Amino acid sequence: MRECWDDIHPEVRDRFLLAHALPHEAYRRALAVRAAVLRKFCAFVFAAADLVMLPSSPVAAPTYAAIPRSGSTAWQGMDPSNDPGRYTRCINYLGLPALALPAGYDGGGTPLGMQLVGKPFGEALLLNFGHRYQRATDWHRRRPPLLHG
Numbered sequence: 000m001r002e003c004w005d006d007i008h009p010e011v012r013d014r015f016l017l018a019h020a021l022p023h024e025a026y027r028r029a030l031a032v033r034a035a036v037l038r039k040f041c042a043f044v045f046a047a048a049d050l051v052m053l054p055s056s057p058v059a060a061p062t063y064a065a066i067p068r069s070g071s072t073a074w075q076g077m078d079p080s081n082d083p084g085r086y087t088r089c090i091n092y093l094g095l096p097a098l099a100l101p102a103g104y105d106g107g108g109t110p111l112g113m114q115l116v117g118k119p120f121g122e123a124l125l126l127n128f129g130h131r132y133q134r135a136t137d138w139h140r141r142r143p144p145l146l147h148g
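Numbering (numbering that gives the first Met the number 0) for the sequence shown: 0 to 148.
Quick look at the structure:
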């Protein structure tokens, strides 16, 4: 990453730096809690389903220019229900396999996405479902008007 540090969005760089500063003991405790939460989540959710479909985000994707920059207070005070990582962060924390796919466009032509979540080591089923979904839809072939410029 050192070679491409300047190419990484400042918001993402800040997250790397925060993670690097996390004390070892706090990280160890978080891993212990994660294992227990993962067991409960899987026992509850996957008792009745092989995959879970969630929105990728509760809001449409912002333009690059609208993304708050490092040090910005734009995210502070934001309604938590509009947090763009609301549905993905918890799945990432649990370490579950997930696949993001295009799922249409909002009324303004902004792409919307969905996230498929599988059981631990369920990548093959996720990829198979994703492939079949994309064969049955054409969302992945469309481009937002912005890209036709």
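Yeah, the Cβ is synthetic: ideal placement off N, Cα and C, and Gly gets one too.
These numbers were taken from a predicted model, which means no experiment stands behind them.
How many Å lie between residue i and residue j at the Cα?
i: residue 108; j: residue 130; result: 24 Å
i: residue 33; j: residue 27; result: 10 Å
i: residue 147; j: residue 20; result: The predicted model places residue 147 with a pLDDT of 47, which falls under 50 and marks its position as unreliable; any figure quoted below should be read in that light. Straight-line Cα distance between these residues: approximately 42 Å.
i: residue 127; j: residue 121; result: 10 Å
i: residue 64; j: residue 8; result: 12 Å
i: residue 11; j: residue 1; result: 14 Å
i: residue 39; j: residue 46; result: 11 Å
i: residue 13; j: residue 48; result: 37 Å
i: residue 30; j: residue 78; result: 28 Å
i: residue 106; j: residue 24; result: 47 Å
i: residue 140; j: residue 123; result: 23 Å
i: residue 22; j: residue 6; result: 27 Å
Assuming contact is defined by CB atoms lying nearer than 8 Å, are residue i and residue j in contact in what I supplied?
i: residue 96; j: residue 125; result: yes
i: residue 110; j: residue 61; result: no
i: residue 44; j: residue 51; result: yes
i: residue 84; j: residue 99; result: no
i: residue 41; j: residue 118; result: yes
Assuming residue i contacts residue j under a Cβ cut-off of 8 Å, what Cβ separation, rounded to an integer in Å, is found between them?
i: residue 116; j: residue 81; result: Wrong, their Cβ atoms sit about 21 Å apart, outside the cutoff.
i: residue 86; j: residue 55; result: 7 Å
i: residue 114; j: residue 53; result: 5 Å
In the DSSP output, which residue or residues are listed as bridge partners for residue i?
i: residue 116; result: 51 and 97
i: residue 107; result: Answer is none; residue 107 lacks a bridge partner.
**Asked** Can we say the stretch 76-93 touches the stretch 130-140, given the rule of at least three CB pairs closer than 8 Å?
**Response** no
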